Amino acid sequence: MSWRLAGVLVGGVATLAVYSFLWKENPFYRFFEHVFVGLGVGYGVAFTWMSVLEPKLFLPLLGLDREPGTPYSLWRVLLVLPAAFGCLYYFIYSRKRQWLARLVIGFSLGVGGGMAFRGFFNEFGRQILMSFRPLVAVVRDPSSQEALWGASISASLGNIAFIAALFCVMTYFFFSFKHDKPVLKQASAAGRWFLMVTFGAFFGATVMARMSLLIERLQFLINEWSAAVYELFSLPFGG
Amino acid sequence: MKRGLTEFLLAIDRRVIYCLVAVFLAVPILFEWKMNPGVMSTAREAYDAIEAVRHEEGSIVVVAIDWGPATKAENQPQTEAVIRHLMLRRIPLAVVTLTPFGAMYTREIPTRLAAEIGREYGKDWVSWGYQPGWMIAVRGLAKDIPGFLKGVDANGRSLDELPAMKGVEDASNVALVCEFTGLVGAVETWIRYFHVKGKPTPIAHGCTSITIPQGYNYLDARQIVGLLEGMAGAASYNELLRGRNEFDVVRKALSELDQPAALRALEEEGVASALDKLPPEHSAREKLSSELEKVNWPDAAPIEAMTCQSFAHLLILLFIILGNVGLYLGKRERGEEK
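Just so you know, the sequences run in chain order E and A.
Final position of the first sequence in our numbering is 240; the numbers increase by one with none missing.
Final position of the second sequence in our numbering is 335; the numbers increase by one with none missing.
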């Protein structure tokens, strides 16, 4: 039996085991759930070693990645510093020296915060800018971008709906004063409706995503796994 | 009898529903039913963005495979369709991943497609492999690609030996980023940090169905140039690729037949107009039509999957209607009792 055949067979059994939960909780499902968790963790540890720690830290530090005949540069010793600094994270398990872990956490938060601050404007700046839309959308020449006479009704209606939804939802999340004035009250209620429609869209999309996962598994079971099972049973009788 | 029906509708066992869903999904797979997918405008925008990329030295397209087995069902057909398109157009591409679980796919998918289409590693595609650090990795690549990769690809080969990497220095040499993910924060990271001198690189995005509404925020603000929406996006893209193959078949045939009017109609209006321009009695007309029928989707799996989706949606609609009928009858009966 080839490794490929064994892989497909085990994959099919594991898929059926996981879906057996839909009938009821059972040891078959529980076993494969633990196998999946173990595989995930094991893969993560092995992959981190093979693709990060070994090639980017240990091999350069020990000079094992050098071309034959090239001298060991003492600058490589400096790699100990980030490695040692990262290892301080493990002091989180020590009651007395826990403050050492906070150095690493603080450093990570600082870098993350600084990068996020910069990234925030790149991401949301443009979105805020693009939310300023003309209520009367002028038709433009696609080649020269020059404004032509007339307005696009569909684009204008789209822009009006967008701006109305934006204002209503922002009103809903405006908590600085009471929503007791009729206009604010109505706008806030409309904002809640807009949010509900959005959540509905998210929920519908989620159902579609889950169906996609199930379809892929069914395609695997029907097309690949069934063929592998057939191959397995025909093995002893084949040439 | 009526009470029995109401009770039945309101207490259908969930396992009955699961079984029916499984049957409805399995039938199109077993009988190999495929419905022609409609082409979504968002997928067409992504397709057009790739069609607009020119093959120039010192320019590359980055394909970010930021997904793993959890979202393979939706992200893999998207990724394959786009890599296939790039390889067919012979646009050099670099695959990279920000997640450890994507690393295996950065090897497997382009290797398989390159063998199928006849493309060569180093010349037509390269792998930058897994790059840890998320925003730091993306920022590092944007500023100095060879420097951040330490001058080597995922296999340890020098970038100088790879013709596809010639002249590729920073984000300004990246014509397009095609980012596929089901993870929160991945496409945001590329939007936020993959730019140089304030000029953002165009990004085409393939998302899972769950994140479609979020993807529209970026599309609406033109932060992405196209969107492949879950499995439906992959099916649409395959339909566009099939249209591309049809176009090539017709162009080749018309060139051989020396039909300039039909060729002009093909370039300007498409395959159907070109066929109309052929004289009705022309012998090639029938032959061409039968050849076009043979042009298939490069990857039929997402087309089949969308057929299953349609069946499942019909079943869900049916259950929603049945549930509401049961609820209505139940309310009416309670009203009668009072």
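For every residue, glycine included, the Cβ atom is placed at its ideal position computed from N, Cα and C.
All values reported here derive from a predicted model rather than from experimental measurement.
Residue-chain proximity (residue 190/A, chain E), Cβ-Cβ < 8 Å: As a working note, residue 190/A is residue 193 in the second sequence. Interface with chain E (8 Å Cβ-Cβ cutoff): residue 190/A is included.
Residue 232/A beta carbon less than 8 Å from that of residue 318/A: Locating residue 318/A in the second sequence gives position 321, where the first residue counts as 1. Locating residue 232/A in the second sequence gives position 235, where the first residue counts as 1. Contact: no.
DSSP three-state assignment for residue 120/A, whether helix, strand or coil: Mapped onto the second sequence, residue 120/A falls at position 123. Three-state DSSP puts residue 120/A in coil, outside helix and strand.
Alpha helix (DSSP H) segments (min. 4 residues) lying fully within the segment 111 to 175 of chain E: Runs of the alpha helix (DSSP H) inside the segment 111 to 175 of chain E: 127 to 131 and 154 to 173.
Bridge-paired residues (DSSP) for residue 358/A: What the structure shows of chain A is the stretch from -2 to 335, and residue 358/A is not part of that stretch, so it cannot be assessed.
Classification of residue 71/E by the beta-carbon crowding that lies within 10 angstroms, buried from 16 upward: On the first sequence, position 70 is the one that residue 71/E refers to. By the 10 Å Cβ count, residue 71/E comes out exposed.
Any beta strand (DSSP E) of 3 or more consecutive residues that is wholly inside the segment 214 to 286 of chain A: Here the runs fully enclosed are 223 to 226.
Chain E contact for residue 234/A (CB, 8 Å cutoff): Your numbering for residue 234/A matches position 237 in the second sequence. Residue-level contact check: residue 234/A does not touch chain E, since none of the beta carbons of chain E fall below 8 Å from its beta carbon.
Test: residue 252/A CB closer than 8 Å to a CB of chain E: In the second sequence, residue 252/A corresponds to position 255, counting from 1. No, residue 252/A does not count as interfacial toward chain E.
Residues, ordered as in the chain, of the segment 16 to 34 of chain E that lie near chain A by beta-carbon distance below 8 Å: Within the segment 16 to 34 of chain E, the qualifying residues are 23 and 24.
Residues from the segment 25 to 46 of chain A in contact with chain E, defined by Cβ distance under 7 Å: Listed by position along the chain: 26 and 27.
Positions along the segment 217 to 245 of chain A whose CB lies within less than 9 Å of some CB in chain E: Of all residues in the segment 217 to 245 of chain A, only 217, 218, 219, 220, 226, 227, 228 and 229 come within less than 9 Å of chain E when Cβ atoms are compared, listed by chain position.
Chain E contacts from the segment 174 to 187 of chain A (Cβ-Cβ distance under 7 Å): Residues of the segment 174 to 187 of chain A with a Cβ closer than 7 Å to any Cβ of chain E, in chain order: 185.
Contact the segment 262 to 276 of chain A vs the segment 22 to 41 of chain A: 3+ CB pairs below 8 Å: Segments in contact, no.
Beta-carbon contacts of residue 98/A that lie in its chain and below 7 Å, excluding the five residues immediately before and after: Here the question's residue 98/A lines up with position 101 in the second sequence. For residue 98/A, where only same-chain residues beyond five positions count, the Cβ hits under 7 Å are 65 and 66.
Any chain A beta carbon closer than 8 Å to residue 220/E: In the first sequence, the residue the question calls residue 220/E occupies position 219. Closer than 8 Å: yes.
Residues of the segment 116 to 139 of chain A with Cβ closer than 8 Å to any Cβ of chain E, in chain order: Going along the segment 116 to 139 of chain A in chain order, one finds 126, 127, 129, 132, 133 and 136 with a Cβ nearer than 8 Å to chain E.
Contact with chain E by residue 114/A, beta-carbon distance below 8 Å: Along the second sequence, read from residue 1 onward, the residue named residue 114/A stands at position 117. False, the Cβ-Cβ gap to chain E never drops below 8 Å.
Chain A contact for residue 11/E (CB, 8 Å cutoff): Within the first sequence, numbered from 1, the residue matching residue 11/E stands at position 10. The C-beta of residue 11/E comes no closer than 8 Å to any C-beta of chain A.
Three-state secondary structure (DSSP) of residue 73/E: Translated into the one-based positions of the first sequence, residue 73/E becomes position 72. It is coil, neither helix nor strand.
Closest Cα partner of residue 105/A within the set 276/A, 85/A and 76/A: Numbered from 1 along the second sequence, position 108 holds the residue referred to as residue 105/A. For the options 276/A, 85/A and 76/A, the alpha carbon positioned closest to that of residue 105/A is the one of 76/A.
Closer than 9 Å at the beta carbon, the chain E residues around residue 15/A: For the purposes of this step, residue 15/A is taken as the residue at position 18 of the second sequence. Within chain E, the residues near residue 15/A are 20, 23 and 24.
Residue burial classification, residue 125/A (beta-carbon count within 10 angstroms, cutoff 16): The residue you call residue 125/A lines up with position 128 of the second sequence. By the C-beta density criterion, residue 125/A is buried, having at least 16 other C-beta atoms within 10 angstroms.
Residues of the segment 90 to 118 of chain E with Cβ closer than 9 Å to any Cβ of chain A, in chain order: Listed by position, the residues of the segment 90 to 118 of chain E near chain A (Cβ gap below 9 Å) are 112, 113, 116 and 117.
Span of the beta strand (DSSP E), counted from its first residue to its last, around residue 91/A: Numbered from its first residue, the second sequence carries residue 91/A at position 94. That run of the beta strand (DSSP E) goes 90 to 94.
Partners in chain E for residue 209/A, counting only beta-carbon separations shorter than 7 Å: For the purposes of this step, residue 209/A is taken as residue 212 along the second sequence, with counting starting at 1. Within chain E, the residues near residue 209/A are 206.
The segment 147 to 163 of chain A contacting the segment 129 to 144 of chain E, beta-carbon criterion three pairs below 8 Å: The answer is no - the segment 129 to 144 of chain E does not touch the segment 147 to 163 of chain A, with fewer than three Cβ pairs under 8 Å.
Which residues DSSP lists as bridging residue 63/A, in chain order: Walking along the second sequence from the start, residue 63/A turns up at place 66. Its beta-bridge partners are 178/A.
For residue 13/A, three-class secondary structure by DSSP: Translated into the one-based positions of the second sequence, residue 13/A becomes position 16. Note: residue 13/A maps to helix in three-state DSSP.
Per-residue contacts from residue 48/E into chain A (C-beta, under 9 Å): Indexing the first sequence from 1 puts residue 48/E at position 47. Correct list: 97, 98, 100 and 127.
Cβ separation of residue 62/A and residue 161/A, assumed to be a contact under 8 Å, to the nearest whole Å: As a working mapping, residue 62/A is identified with position 65 in the second sequence. As a working mapping, residue 161/A is identified with position 164 in the second sequence. Not a contact, Cβ separation roughly 17 Å.
Chain A contacts from the segment 36 to 65 of chain E (Cβ-Cβ distance under 9 Å): Among the residues of the segment 36 to 65 of chain E, those with a Cβ less than 9 Å away from any Cβ of chain A are 41, 44, 45, 48, 49, 52, 53, 56 and 57, in the order of the chain.
Residue-level contact to chain E via CB, residue 307/A, 8 Å cutoff: What you label residue 307/A is simply residue 310 of the second sequence in a count that begins at 1. Judged by the 8 Å Cβ criterion, residue 307/A is not in contact with chain E.
Interface flag, residue 203/E vs chain A, CB-CB below 8 Å: For the purposes of this step, residue 203/E is taken as residue 202 along the first sequence, with counting starting at 1. Residue 203/E counts as touching chain A.
Check: residue 225/E C-beta below 7 Å from any heavy atom of the ligand ADP: What this structure holds is no ligand at all, so the ligand ADP is not there to describe.
Residue-chain proximity (residue 210/E, chain D), Cβ-Cβ < 8 Å: Within the model displayed, chain D is absent; protein chains E and A are what it includes.
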